[in-house]
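K.L.:
To convert a position in the first sequence, counted from 1, into my numbering, add 22.
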Amino acid sequence: MEIRTRFAPSPTGYMHIGNLRTALYEYLIAKSQGGKFILRIEDTDQERYVEGAVDIIYNTLKITGLEYDEGPDKDGGCGPYIQSERMKTGIYMKYALELVEKGEAYYCFCTKERLDSLKESNAEGDAFAKYDRHCLSLSKEEIDENLKSGKPFVIRQKMPQEGTTSFTDAVYGTITVENSELDDQILIKSDGMPTYNFANVVDDHLMNITHVVRGSEYLSSTPKYNLLYNAFGWNAPQYVHLPPVMKDAHHKLSKRNGDASFGDLIDKGYLPEAVINYIALLGWSPSDNTEIFTLDELKEKFNISGLSKSPAIFDTAKLTWMNGEYIKNMDEEKYLSIVTPRLENIIKNKNLDIKKIALLLQKRLETLNDIPSLVDFFDELPEYTTDLYVHKKMKTTEEIALSSLKACVPVLEGITDWKENIIHDKLMNLVTDLGIKNGQLLWPVRTALSGKPTSPGGAMELADILGKEETLKRIKKGIELLEK
RNA sequence: GGCUCGGUGGUCAAGCGGUUAAGACACGGCCCUUUCACGGCUGUAACCCGGGUUCGAUUCCCGGUCGAGUCACCA
23 MEIRTRFAPS PTGYMHIGNL RTALYEYLIA KSQGGKFILR IEDTDQERYV
73 EGAVDIIYNT LKITGLEYDE GPDKDGGCGP YIQSERMKTG IYMKYALELV
123 EKGEAYYCFC TKERLDSLKE SNAEGDAFAK YDRHCLSLSK EEIDENLKSG
173 KPFVIRQKMP QEGTTSFTDA VYGTITVENS ELDDQILIKS DGMPTYNFAN
223 VVDDHLMNIT HVVRGSEYLS STPKYNLLYN AFGWNAPQYV HLPPVMKDAH
273 HKLSKRNGDA SFGDLIDKGY LPEAVINYIA LLGWSPSDNT EIFTLDELKE
323 KFNISGLSKS PAIFDTAKLT WMNGEYIKNM DEEKYLSIVT PRLENIIKNK
373 NLDIKKIALL LQKRLETLND IPSLVDFFDE LPEYTTDLYV HKKMKTTEEI
423 ALSSLKACVP VLEGITDWKE NIIHDKLMNL VTDLGIKNGQ LLWPVRTALS
473 GKPTSPGGAM ELADILGKEE TLKRIKKGIE LLEK
């Protein structure tokens, strides 16, 4: 049988990290078995509708490479793939009425006020607030009359009162609950829209979904789903519940608390492929213990048995490390295509060789947003104090720095062919002539050229990029500062 | 509170009755070196608690504890 999974997000306006991870696993479960991955937009809650939210979903799936086989713009014959569109076909009401017919569901005309007072009277006791089945005993005539008079209604699922219901989850194993714990949940809301729980079951069945993958917060409502499948006489899918992605030991990662969404991470300079790689590892691990892999490699490695039951805390430090790995290992062409435009935006001096600067940065970047602070000195030498010239390990003092800088001025002025290897040879010769250590010359030069305690690249590399004129200007500036 | 599910270093995470309890991130040290970074080496640090079962429990069972989820006309 063909494996079919679906990603069923609600358009809320951003892509939550936990949801993205769910989508990833759904994609992998299907694709590791040659199956199909389907996108279905769940927008039955009209109050939460956000303009443009659907585009964020499309865009995220696109740039992460989670390509779906069927969805709003790719019909596989099970569409429409947007629930509000599906609604118009009347399927949810049709199936709900089928259940009413079978005696597995019933009309309920109770008012909001009555339900509220029911809850209040139950609030402090041990008994939890279950619907009291007031409308279950309504006669056929009473129901017809209510319907005819246009009284608002909902349709409720009739739960068994005795026995237990169990299901086996691929991650959590077999879970059993007492049927008496189950509330007669609403299937069709008074606005005629199906509830999430109901639409989900109907759609998953109609779309032949074989594996339902979702957060563990649905674990406790899954028995109700199974009862629904039974009521219809349908086969329930394989359930795969996922532990939550946490921000810390006590709180789930959530955009509402200001935690980063996928879009935020991209804005912070993380690469989509690094984010995917990292979140794949939050709650799953491969049997071979590797950590860095492409989406294609993930498809090969992925196995449900590697999923974990316990929550995982999102660790930005590790994501940052991983992002750095991706940048370091990127091939030059791709790297330059990403970094060059950013550098061109930052660096104003158009005489500088952007490509050389970019390449200098590759081993030092962890996120793309590290770029500005790393290259700011190229355009303009920052203000600095001469204590920067003192470096214990380089055995360099301000006095040594001064004499070294003075000594290299004529050497550099004498270079006609300003190339890194030539600069290198000349300076190294000077080191030999002066009988000092490499660092005693090179550290002061690097400092004079950057005006910063650290810089991407050393003396020769910076001199090469800055050019002869600017290099000498900055060295003379250094001499001037040191002479004060 | 009821029900459900979890608990291996600070974090992610191997482990499936016998191991010196992997590995990665972070952190410390050392080396390389013209700074930082990169790279290499290395160090600190863990099985929630109590009972069983067993020749032997991190692994199995029971209880406790801590934590999370759920108990909506939200998904």
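Note that CB positions come from ideal geometry on N, CA and C, so glycine has one too. Computed from a predicted model, the values in this text were never measured in an experiment.
List the endpoints of the continuous alpha helix (DSSP H) containing S54.
P.N.:
Unbroken run through S54: none, as it is neither H nor E.
K.L.:
Where does the unbroken alpha helix (DSSP H) through C430 begin, and where does it stop?
P.N.:
Its alpha helix (DSSP H) spans residues E420 to E435.
K.L.:
Which of the three DSSP states is assigned to E92 in this structure?
P.N.:
It is a strand residue.
K.L.:
According to DSSP, is V234 helix, strand or coil?
P.N.:
It is a strand residue.
K.L.:
Nearest CA to the CA of M416: which residue from V76, N460 and R136?
P.N.:
That would be N460, whose Cα lies nearest to the Cα of M416.
K.L.:
What are the complete beta strand (DSSP E) segments, minimum 3 residues, inside the stretch 197-260?
P.N.:
Listed in chain order, they are 208-210 and 233-237.
K.L.:
Work out the CA separation of E184 and E203 for me, nearest whole Å.
P.N.:
Distance between the alpha carbons of E203 and E184 is about 9 Å.
K.L.:
Between E146 and the rest of its own chain, which residues show a CB-CB distance below 6 Å, the 5 nearest in sequence each way excluded?
P.N.:
For E146, the predicted structure reports a pLDDT of 48, less than 50, and the residue's modelled location is therefore unreliable. A value from the coordinates is still provided. Taken in chain order, the list of residues that qualify is empty.
K.L.:
Please state the DSSP three-state secondary structure of K372.
P.N.:
Coil.
K.L.:
When you compare only the Cα positions, how much space is there between S276 and H38?
P.N.:
So the alpha carbons of these two residues sit roughly 7 Å apart.
K.L.:
With DSSP collapsed to three states, give me the class of E146.
P.N.:
With a pLDDT of only 48 at E146, under the threshold of 50, the placement of this residue in the model should not be trusted, and no figure is reported.
K.L.:
So what does DSSP say about A470, is it helix, strand or coil?
P.N.:
A470 falls in the helix class under three-state DSSP.
K.L.:
Would you mind sorting V72 into buried or exposed? The rule is 16 or more other CB atoms within 10 Å of its CB.
P.N.:
V72 comes out exposed.
K.L.:
Could you tell me which residues DSSP pairs with H263 in its beta bridges?
P.N.:
According to DSSP, H263 bridges with R236.
K.L.:
Check whether the Cβ atoms of Y240 and D206 sit closer than 7 Å, and answer yes or no.
P.N.:
Cβ atoms of Y240 and D206: not closer than 7 Å.
K.L.:
Check whether the stretch 120-133 and the stretch 172-182 touch, using three or more Cβ-Cβ pairs below 8 Å as the test.
P.N.:
These segments touch.
K.L.:
Could you check if T438 is buried or exposed, using at least 16 other CB atoms within 10 Å of its CB as the buried criterion?
P.N.:
T438 should be labelled exposed.
K.L.:
What do you get for K246, buried or exposed, if any count of 16 or more other CB atoms within 10 angstroms of its CB means buried?
P.N.:
Buried, because 16 or more other Cβ atoms sit within 10 Å of the Cβ of K246.
K.L.:
Pick helix, strand or coil for K274, following the three-state DSSP scheme.
P.N.:
Note: K274 maps to strand in three-state DSSP.
K.L.:
Suppose contacts are defined by Cβ-Cβ distances below 7 Å. Is I63 in contact with I25 by that definition?
P.N.:
Not closer than 7 Å, so no.
K.L.:
My guess is that R43 and I301 are in contact by the Cβ rule of under 8 Å, so how many angstroms apart are they, rounded?
P.N.:
That belief holds up - the Cβ atoms of R43 and I301 are roughly 5 Å apart, short of 8 Å.
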